[in-house]
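Worksheet: the structure to be examined is printed underneath.
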Amino acid sequence: MSQPENYESTQLYKIRHSLAHVMAQAVLEMFPNGKVAIGPPIEDGFYYDFDLPRALTSDDLAAIEKRMRNIVKQRHTFAFRELSADAAKKLFVDQPYKIELIEGLEAGGLDDNGEPLPEDQKPVITTYKHDTFEDLCKGPHVEDLGKINPKSFRLLSVAGAYWRGDEKRAQLQRIYGTAWENSQELQDYLHKLAEAKKRDHRKLGKELDLFSSDSDEIGNGLILWHPKGALMRHLIEEFYRNEHLKNGYDLVSTPHIGRGKLWQTSGHLDFYKEGMYSSMEIDEQDYYLKPMNCPFHIMVYKNSKRSYRELPMRYSEWGTVYRYERSGTLHGLLRVRGFTQDDAHHFVRPDQLDEEIDFTLKFSVHMLRSFGFEDIQAYLSTQPAEKSVGAAADWRKAESALEASLKRSGLSYELDAGGGAFYGPKIDLKIKDAIGRAWQLSTIQVDFNLPERFDMTFIGQDGQEHRPFMVHRALLGSLERFFGILVEHYAGAFPVWLAPVQAILIPIADRHIEYANKVCDSLKEAGIRAEVDDGGDRMGNKIRKAQGQKIPYMLVVGDKEMDAEEVAVRLRNGEDLGPKSVAAFSEIALQAVADKLA
Ligand SMILES: [Zn+2]
Ligand SMILES: [Zn+2]
């Protein structure tokens, strides 16, 4: 999730930046021979990297935090100065990491966090000092530490981090903290963190037996879908394909590898090579795993001459792609190396663009809502200031089509002027999940580049060849990532239509098992995914187990239910619907499926 562009000028940024200094001071007070590396503000907080004689414990964190509060209460101010490289090296003589940063500044090209500088910025060496601690820094900080509420920050964790992110360099200890303007904001944030932990899709994925990965045996960032997860995946794909067929899409299906020539024409080998895996040789030709589906869809289009009458054409595919991601960035299902995109490409006549974007936006919102995401925020990114391809008139036309469509849609949107890709403007849609986190899911991207590179045409009404507009469109993004978000949004308690097991029959005693099996069969016949828990547990344990598995309906059967040919219906939230005939229960469950209810 990205910060608003002006994060650096906000009070929160200053608070977090200042606290990184305060934390470094506190740590050096406890470990006078400790070495400090870098400590920037980040989203929701700050960190600092240290090289210390021993591993930090949670007791240490508490002690550091206490010292930090004392330092903050002393209301120190930050004093700024500019130094020559020699003076800076003298000042930081005991701090080898700072010396390396100063040398980097001296040689040019890096800032005081070791990040590359924009070309036009000449590095100057500056420091800020509060109380006893002076740090290489450009600011900004709070005017004085009195501006920080001592009850508004918390140290969260320690993690290993390599100096400059390089696995061959020293391993440091990174302390993460979070900081806010007041204690209420801190409490809210900590509550959200605890909620997020409970909902972690990696934890729930294991508990609900949905998927796994195994970096040793299978490889990093590759996912195994277990039967329940694969069933849900099937349900998502099936619903999704049917909606596409109902809405004027064609389905296509394309290979996992393609010749180097194709990726040369598409430009991927020039501009996207670091995201692609090395080539493999087949019959003395080089082939690559596909990082994207677009070139294949274009080749389907180009397979015959297209007439203006055929447009718009919409090709849709669950396309599995492979992209290189650094191992440190892989995270559960959210960032993987092999994933399936819900990809589509629209080929349209320039005069159809307005209508097509309207359609695409409406369809996107419909699909997101079908999965229970109601809170949708749109972002419009326009032509970048530097280099871009495509005629200015086309850019204006596409940008105004996107914006007009956003206005008609009634979605609230923000403009990211100049934030578009070099090949066209786009709309991004972000959803908010159940605990208020924003996730970017959908992208509607106009492309002036690939139709050119592949020399795509259609025959117009005038009998001449014309260039179509192309729109890339992914609604859910990657199925893996979307699934992870879905798990966290629902905390595993999926809507009935997606729940792998929708109803579980719980016989009270062994003599009720036969009846339970009979009911189970008739539910299955009605199209409800039902199971019988015929294990040896007591009823209370069976109910707890079913609740743990977040099964929507628990159907308890004992003597009474057997005699009346009923089931006693309980919901996973504990609500008791009482006895129902099997037919009445089926109706409730099937209605919930049809309405996509949670
Ligand atoms: Zn600073
Ligand atoms: Zn594409």
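Counted from 1, the sequence shown has number 119 at position 136 by the numbering used here; the numbering is strictly sequential.
By construction, the Cβ of each residue, glycine as well, lies at the ideal position given by its N, Cα and C atoms.
None of the values given here were measured: they were computed from a predicted structure.
Sub-9 Å separation of residue i and residue j beta-carbons
{"i": "D32", "j": "I21", "result": "yes"}
{"i": "S135", "j": "I(-2)", "result": "yes"}
{"i": "K415", "j": "F477", "result": "no"}
{"i": "Y111", "j": "S140", "result": "no"}
{"i": "V552", "j": "L538", "result": "yes"}
{"i": "I487", "j": "V515", "result": "yes"}
{"i": "Q(-6)", "j": "V125", "result": "yes"}
{"i": "T109", "j": "F63", "result": "yes"}
{"i": "M13", "j": "R50", "result": "yes"}
{"i": "V331", "j": "F279", "result": "no"}
{"i": "Q587", "j": "P408", "result": "This structure cannot speak to residue 587, because the chain is shown only from -16 to 581."}
{"i": "S621", "j": "R224", "result": "Look at the range of the chain in this structure, -16 to 581, and you will see that residue 621 is not part of it."}
{"i": "K579", "j": "W422", "result": "no"}
{"i": "S353", "j": "E226", "result": "yes"}
{"i": "L317", "j": "H184", "result": "yes"}
{"i": "E190", "j": "G531", "result": "yes"}
{"i": "M282", "j": "F441", "result": "no"}
{"i": "L214", "j": "V470", "result": "no"}
{"i": "D34", "j": "L155", "result": "yes"}
{"i": "Y362", "j": "D334", "result": "no"}
{"i": "G204", "j": "L313", "result": "yes"}
{"i": "A482", "j": "R512", "result": "yes"}
{"i": "G243", "j": "Y270", "result": "yes"}
{"i": "F356", "j": "H472", "result": "yes"}
{"i": "A45", "j": "L138", "result": "yes"}
{"i": "H174", "j": "S1", "result": "no"}
Nearest-angstrom Cα separation, counted from residue j out to residue i
{"i": "E339", "j": "D411", "result": "16 Å"}
{"i": "S585", "j": "P123", "result": "The question about residue 585 has no answer here: the residues shown for the chain are numbered -16 through 581."}
{"i": "K528", "j": "A474", "result": "16 Å"}
{"i": "M(-16)", "j": "G460", "result": "With a pLDDT of 36 at M(-16), under the threshold of 50, the predicted position of this residue should be treated as unreliable, though the coordinate-derived value follows. Each residue's alpha carbon lies about 15 Å from the other."}
{"i": "P490", "j": "A177", "result": "36 Å"}
{"i": "D94", "j": "D233", "result": "51 Å"}
{"i": "Y498", "j": "D504", "result": "10 Å"}
{"i": "W146", "j": "R152", "result": "6 Å"}
{"i": "D118", "j": "Q170", "result": "30 Å"}
{"i": "R309", "j": "V565", "result": "53 Å"}
{"i": "E463", "j": "Y396", "result": "27 Å"}
{"i": "D43", "j": "F342", "result": "57 Å"}
{"i": "L506", "j": "V429", "result": "47 Å"}
{"i": "D559", "j": "S(-8)", "result": "53 Å"}
{"i": "P24", "j": "R216", "result": "38 Å"}
{"i": "P210", "j": "K543", "result": "35 Å"}
{"i": "K81", "j": "K121", "result": "14 Å"}
{"i": "W163", "j": "A71", "result": "32 Å"}
{"i": "K413", "j": "A179", "result": "18 Å"}
Contact with chain D by residue i, beta-carbon distance below 9 Å
{"i": "V576", "result": "Annotation note: the requested chain D is absent from the structure, which comprises a single protein chain."}
Close Cβ partners of residue i (< 6 Å) along its chain, the five nearest in sequence each way excluded
{"i": "A3", "result": "G22, F29 and Y31"}
{"i": "Y212", "result": "First, the residue type needs correcting, since residue 212 is Gly and not Tyr in the sequence shown. Result list for G212: L193 and F194, in chain order."}
{"i": "G302", "result": "N276, Q324 and D326"}
{"i": "V576", "result": "V479 and W480"}
{"i": "P306", "result": "Sequence check: residue 306 is Arg here, not Pro. Taken in chain order, the residues that qualify are G258 and P274."}
{"i": "R157", "result": "Y30, D32, A142 and A144"}
{"i": "M509", "result": "For clarity, residue 509 is Ala in the given sequence; the question names Met instead. Hits under 6 Å: S569."}
Contacts around residue i, its chain only, beta-carbon distance under 7 Å, and the 5 residues preceding and following it disregarded
{"i": "Q(-14)", "result": "Confidence in Q(-14) is poor, its pLDDT being 43 and thus under 50, which makes the residue's placement too unreliable to answer from."}
{"i": "K370", "result": "F405"}
{"i": "A457", "result": "Q324, D325, D326, S425 and T426"}
{"i": "A387", "result": "D337"}
{"i": "R297", "result": "G231, Y232, D233, A327 and H329"}
Same chain, Cβ closer than 8 Å to residue i, neighbours up to 5 away in sequence not counted
{"i": "K181", "result": "A474"}
{"i": "E548", "result": "S564 and V565"}
{"i": "P238", "result": "K273 and F279"}
{"i": "V372", "result": "F405, Y406, F431, N432 and E435"}
{"i": "Q485", "result": "V479, I511, R512, A513, I534, P535, Y536, A572 and V576"}
{"i": "P79", "result": "K18"}
Practice task
Mind listing, in chain order, the continuous beta strand (DSSP E) runs of no fewer than 3 residues lying wholly within the stretch 46 to 73?
Solution key: 62 to 66
Practice task
Let me have the residue list for ligand 2: C-beta closer than 5 Å to any non-hydrogen atom, ordered along the chain.
Solution key: C277 and H455
Handout entry: Segments assigned alpha helix (DSSP H), at least 4 residues, entirely inside the stretch 409 to 493
Key = 433 to 436 and 462 to 473
Problem - Length-filtered (3 minimum) beta strand (DSSP E) runs lying within the stretch 271 to 348 - result: 296 to 305 and 321 to 331
Handout entry: Contiguous beta strand (DSSP E) assignments of at least 3 residues, all confined to the stretch 141 to 213
Key = 154 to 162
Handout entry: Ranges of the beta strand (DSSP E) found wholly within the stretch 7 to 40, counting only runs of at least 3
Key = 28 to 34
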